[in-house]
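Trainee: The structure's right below; bear with me while I get my questions together.
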Amino acid sequence: MLARALSLLWKKPVACAKAFATVSSMILLTTFKYIFQGPPVASWTLKTNLIRDFIRLIVLDLTSVGSFDSGQRVAKLDGGIATRFDIPSVPWRDKHLDNSGIWRDKLVEIAAASMERQMNGECVIADEAMLPNTDVLLHFHGGAYVLGTMDSYRKMHLILSKATGLPVYGFAYRLAPASQYPTQLYDAFCAFEYLRSMGVREQDIIFSGDSAGGNLALSLWLLLKPNISGMVLLSPRVDVTSNRDSWRRNAKADYLAPYNVYNTSNCIRLLLGPSRPVDAEMLSWLSDPFVASVHADFTGLPPTLVQAGTVEAMYDDISAQTGQLRFQTYPDEVHVFQGFPGMAHTQQALDAIWGFVQSLQAP
């Protein structure tokens, strides 16, 4: 790790100096505010406050725990191993589109245009998960559909593999604004079909997702209604209007910006189409069950664990979704706190995920 940092410093001294100055300024400002103005949440330590502000600074670009050399397919991580693979595009069958609603024609069009394309996938197995196990976790990464790579999410995948004892499969779905919705749903379908083509049974697959990835996991289930084992959703995005009170109540504590479809640089507008006008059709998409799963009917959903922090902006959105789900709340935690070991309740939440996965595997 030190050698890698020194190499980066040697190759990009100006960029490293700017990053150091930015982080140093953040630390000084956060510390000053903490001492003289108090924490944004009464129970927070200075460490928690610094972690929150660092997350804001990097916008959830999680630090990688390992990397691949050019052409390399297997990489040793600090605490596990990662294997790369290519996911081919696959055609729809009519049965796959029975529940696709208003997105049917777009999904058919996207699939037809993607047949020559392959998608990057990665399997991360923690040292604690090396024992044979038929179950796997298929993780849908977050990032508001505009951020996130296999490199930036390798740490999260390793955390989840350690927590569950299972191999974690991730995939690099296409991001907005280069690719508008429902391209991401088609890519998720291809990832699921890839696991099935490798001989993994539906009932041995657990969906997991954080933030927008939680929305994608719910949407894929809504589309296919697969007989999967269960779901683990970390601060899932279930609405895109920012109308509920927690967006105002927790604005100072959390690091998320509210949704605004009228702002062409806002994540929801980038997903739906920044170059097209906000018309009646686009506004109707904001309440579509695939875009905003709080409006969906999840009758028949497999056992699902949802976790959220009480000071995250999405808290009231998530609470409105979870009537039929197992909902765990963690006091004074922010959005997707499970990915950051320094937060007060991270280990407690990960232990709860382990217990939930064990309950799915019970005879």
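In UniProt numbering, the protein residues as written are 1 to 363.
Every residue gets a Cβ at the ideal spot worked out from N, C-alpha and C, and that includes glycine.
Who are the Cβ neighbours of S43 in its own chain at under 6 angstroms, not counting the five residues just before and after it?
Mentor: Locating residue 43 in the sequence shown gives position 43, counting from the first residue. These residues qualify, in order along the chain: D332.
Trainee: By a C-beta neighbour count over all protein chains shown, 10 Å radius and 16 as the cutoff for buried, is P40 buried or exposed?
Mentor: In the sequence shown, counting from the first residue as 1, residue 40 sits at position 40. Counting Cβ neighbours within 10 Å, P40 comes out buried, since at least 16 surround it.
Trainee: With a 10 Å radius around its C-beta and 16 neighbouring C-beta atoms as the bar for buried, classify Q180 as buried or exposed.
Mentor: The residue labelled residue 180 in the question sits at position 180 within the sequence shown. Under this definition Q180 is a buried residue.
Trainee: Run the CB neighbour count on F207, radius 10 Å, all protein chains shown included, and call it buried at 16 or more, exposed below.
Mentor: Against the sequence shown, residue 207 aligns to sequence position 207. Classification of F207: buried, given that the 10 Å Cβ count is 16 or more.
Trainee: Are the stretch 115-132 and the stretch 71-89 touching by the rule of at least three beta carbon pairs closer than 8 angstroms?
Mentor: yes
Trainee: Could you have a look at S193 and say whether DSSP puts it in helix, strand or coil?
Mentor: Residue numbering aside, residue 193 sits at position 193 when the sequence shown is read from its first letter. It is worth fixing the name first, because residue 193 is Glu in this sequence and not Ser. Helix.
Trainee: I need the boundaries of the alpha helix (DSSP H) containing residue 366, first residue and last residue.
Mentor: The requested residue 366 does not occur in the structure, where the chain is confined to residues 1 to 363.
Trainee: At a cut of 8 angstroms, does the stretch 124-142 reach the stretch 157-168 through at least three beta carbon pairs?
Mentor: yes
Trainee: Work out the CA separation of I27 and L222 for me, nearest whole Å.
Mentor: The count along the sequence shown starts at 1 and reaches residue 222 at position 222. The count along the sequence shown starts at 1 and reaches residue 27 at position 27. Cα to Cα, the separation comes out at about 43 angstroms.
Trainee: Can you find at least 3 beta carbon pairs, one from the stretch 107-116 and one from the stretch 153-162, that sit closer than 8 angstroms?
Mentor: No, the stretch 107-116 does not touch the stretch 153-162.
Trainee: Just tell me which of F337, L305, S293 has its CA closest to the CA of V311.
Mentor: Here the question's residue 311 lines up with position 311 in the sequence shown. It is F337 whose Cα lies nearest to the Cα of V311.
Trainee: Residues in the same chain with beta-carbon distance under 8 angstroms from L195, minus the five sequence neighbours each way, listed in chain order, please.
Mentor: The sequence position of residue 195 within the sequence shown is 195, counting from 1. Once the five neighbours on either side are set aside, the close Cβ partners of L195 are V136, L138, Y169, I205.
Trainee: Specify, as a first and last residue, the run of the beta strand (DSSP E) that T304 falls within.
Mentor: For the purposes of this step, residue 304 is taken as residue 304 along the sequence shown, with counting starting at 1. T304 -> beta strand (DSSP E) spans 304-309.
Trainee: Only counting the same chain, and skipping five residues up and downstream in sequence, which positions put a Cβ closer than 7 angstroms to that of Y145?
Mentor: Translated into positions along the sequence shown, residue 145 becomes position 145. Closer than 7 angstroms at Cβ, skipping near neighbours: L175, A176, Q184, A212, C267, L271.
Trainee: How about Q328 and A344: are their beta carbons less than 8 angstroms apart?
Mentor: The residue labelled residue 328 in the question sits at position 328 within the sequence shown. The residue labelled residue 344 in the question sits at position 344 within the sequence shown. No; because the gap between Cβ atoms is not below 8 angstroms, this pair is not in contact.
Trainee: Look at R237 and N263 and say whether their C-beta atoms are less than 8 angstroms apart.
Mentor: Walking along the sequence shown from the start, residue 237 turns up at place 237. Walking along the sequence shown from the start, residue 263 turns up at place 263. Not closer than 8 angstroms, so no.
Trainee: So, with DSSP's three-state summary, where would you put residue 394?
Mentor: Missing from the structure shown is residue 394; the chain here goes from 1 to 363 and no further.
Trainee: At what residues does the beta strand (DSSP E) containing Y169 begin and finish?
Mentor: Here the question's residue 169 lines up with position 169 in the sequence shown. Y169 -> beta strand (DSSP E) spans 168-171.
Trainee: Using C-beta distances below 8 angstroms, list every residue in its chain close to G101, excluding the 5 sequence neighbours before and after it, in chain order.
Mentor: Here residue 101 corresponds to residue number 101 of the sequence shown, with the count starting at 1. Cβ within range, chain order: D288, P289, F290.
Trainee: Determine which residues share a DSSP beta bridge with E122 and list them.
Mentor: Here residue 122 refers to the residue found at position 122 of the sequence shown. Paired residue(s): R84, G170.
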